[in-house]
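**Student:**
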Amino acid sequence: GENVEQHPSTLSVQEGDSAVIKCTYSDSASNYFPWYKQELGKGPQLIIDIRSNVGEKKDQRIAVTLNKTAKHFSLHITETQPEDSAVYFCAAPNYGQNFVFGPGTRLSVLP
Amino acid sequence: ETGVTQSPTHLIKTRGQQVTLRCSSQSGHNTVSWYQQALGQGPQFIFQYYREEENGRGNFPPRFSGLQFPNYSSELNVNALELDDSALYLCASSVRGVDTDTQYFGPGTRLTVL
C-alpha cells in the first residue's frame, strides 16, 4: 500500500514570510494529492489539491507543486498570516478510493 | 449546499461498551469514508461505504462496523470499546467517479474511553 512521509513536523515563520511543507509518496500509480488544514477542535479542511496531469496549481496565496519522477509534492504558502497557523496534512490515494495521510506539520505564524 | 455533519460532538464511554457515531454526507455526495485520528497523528482509514455496501477497509478489527442508508448517511459502530479507541472519528463524503474522489470532512466526533 501507499506510504506518505511529511516534513517538517513543526514550522515557525514570521508573519509575511513564506512556508513550505514537503511530502513524499511511495506508489507511482498515485494520481491525486490533496492538502488539508486542521484547526484545533475541527475536522480537516481541503485547501488545495493537484492531479498528476499537472505540475503546479495555485490558489491565491497557496500553491502545490508535484514532481512525479521524484514522487514528492509540496505546499507553498506565501505572505503568511496568523490565521494560517494550524496543522497541515498531505495525503495520497491508497488503492484508489481512500487516502493515506502524512503525520502532519504544525505551522505557527508569529506576529 | 450543506456540508458534512457528524453527531454527537463528544462522547464518553467506558471500556467494553458499544458506541454508534453518525454522519450525514454533503449534499449530492454518495460515498462516505470513516477515519480514526489519534491525538497528534494523521487520520487513518477505517472503511468506506458506497451504494450501502462496504467498499474497502483499513487495518481495523471486525468490532468496527458500519452502515450506509439510502439517503447516503452513515453510521460507525464500535463494539467492546478499548482504551486505545479514544480518538477523533472523522467522516468524509465524496462523489464516486472515474478518478480518485475528493473527500470533504466533517467536524468529527471526539470519543473518550475510560
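Chains as they are written, first to last, in our numbering: chain A, 1 to 111; chain B, 1001 to 1114. By construction, the Cβ of each residue, glycine as well, lies at the ideal position given by its N, Cα and C atoms.
Measure the C-alpha to C-alpha separation of VAL1095/B and PRO44/A and round it to an integer number of angstroms.
**Tutor:** Cα to Cα, VAL1095/B sits roughly 18 Å from PRO44/A.
**Student:** Identify the contact partners of TYR1104/B in chain A, using a Cβ-Cβ distance below 8 Å as the criterion.
**Tutor:** Residues of chain A passing the Cβ test: LEU46.
**Student:** In chain B, which residues lie with their C-beta within 8 Å of the C-beta of ASP27/A?
**Tutor:** Here the premise fails: no neighbours, minimum Cβ distance about 12 Å.
**Student:** Enumerate in chain order the residues of its own chain whose CB-to-CB distance from THR1020/B is below 6 Å, with the five nearest sequence positions on each side excluded.
**Tutor:** Hits under 6 Å: GLU1075, ASN1077.
**Student:** Using a 10 Å radius around the Cβ and a threshold of 16 neighbouring Cβ atoms, would you call ASN98/A buried or exposed?
**Tutor:** By the neighbour-count rule (16 or more Cβ atoms within 10 Å), ASN98/A is buried.
**Student:** Put GLU1054/B into one of helix, strand or coil per three-state DSSP.
**Tutor:** Three-state result, GLU1054/B: strand.
**Student:** Taking 8 Å as the limit between beta carbons, can you name the residues of its chain near GLY104/A, skipping five residues before and five after?
**Tutor:** Here the set comprises GLN6, SER9, GLN38, VAL87, TYR88, PHE89.
**Student:** Is it buried or exposed, SER1025/B, if we count other Cβ atoms within 10 angstroms and call 16 or more buried?
**Tutor:** The residue is buried, with at least 16 neighbouring Cβ atoms inside 10 Å.
**Student:** I need the straight-line Cα distance from ARG106/A to LYS22/A, nearest angstrom please.
**Tutor:** For ARG106/A and LYS22/A, the distance between alpha carbons rounds to 13 Å.
**Student:** By the DSSP assignment, the beta strand (DSSP E) with PHE101/A in it spans what residues?
**Tutor:** Per DSSP, PHE101/A belongs to the beta strand (DSSP E) from 98 to 101.
**Student:** Below 9 Å on C-beta distance, what does PHE1060/B contact in chain A?
**Tutor:** Correct list: empty, because the minimum Cβ distance to chain A is about 12 Å.
**Student:** Do the stretch 66 to 84 of chain A and the stretch 16 to 33 of chain A make contact, defined as three or more Cβ pairs closer than 8 Å?
**Tutor:** Contact between the stretch 66 to 84 of chain A and the stretch 16 to 33 of chain A is present, because at least three Cβ pairs lie under 8 Å.
**Student:** What separation, rounded to the nearest whole angstrom, lies between the Cα atoms of THR1102/B and PHE1045/B?
**Tutor:** Between THR1102/B and PHE1045/B, the C-alpha separation is close to 15 Å.
**Student:** Given that a residue counts as buried once 16 or more other Cβ atoms are within 10 Å of its Cβ, and exposed if not, what is THR1109/B?
**Tutor:** So THR1109/B counts as buried.
**Student:** Do the CB positions of PRO34/A and ALA70/A come within less than 8 Å of each other?
**Tutor:** Contact flag unset, no.
**Student:** Taking 8 Å as the threshold (beta carbon to beta carbon), is PHE73/A in contact with chain B?
**Tutor:** Output row for PHE73/A: interface = no.
**Student:** Would you tell me roughly how many angstroms separate the C-alpha atoms of ARG1051/B and GLY1066/B, rounded to the nearest one?
**Tutor:** Those two C-alpha atoms are separated by around 13 Å.
**Student:** Count the other C-beta atoms from every protein chain shown that fall within 10 angstroms of the C-beta of ILE1012/B, then say buried if there are 16 or more, exposed otherwise.
**Tutor:** By the 10 Å Cβ count, ILE1012/B comes out exposed.
**Student:** Are VAL1113/B and ARG1015/B closer than 8 Å when you measure CB to CB?
**Tutor:** In this structure, ARG1015/B lies closer than 8 Å to VAL1113/B by Cβ.
**Student:** Can you check whether the C-beta of THR1100/B is within less than 8 Å of a C-beta belonging to chain A?
**Tutor:** Yes, THR1100/B lies at the interface with chain A (some Cβ there is under 8 Å from its Cβ).
**Student:** Starting from the N-terminal side, write out each stretch of the beta strand (DSSP E) that is 3 residues or longer and does not extend beyond the stretch 1015 to 1067 of chain B.
**Tutor:** Segments of the beta strand (DSSP E) lying fully in the stretch 1015 to 1067 of chain B: 1019 to 1024, 1031 to 1037, 1044 to 1050, 1053 to 1057.
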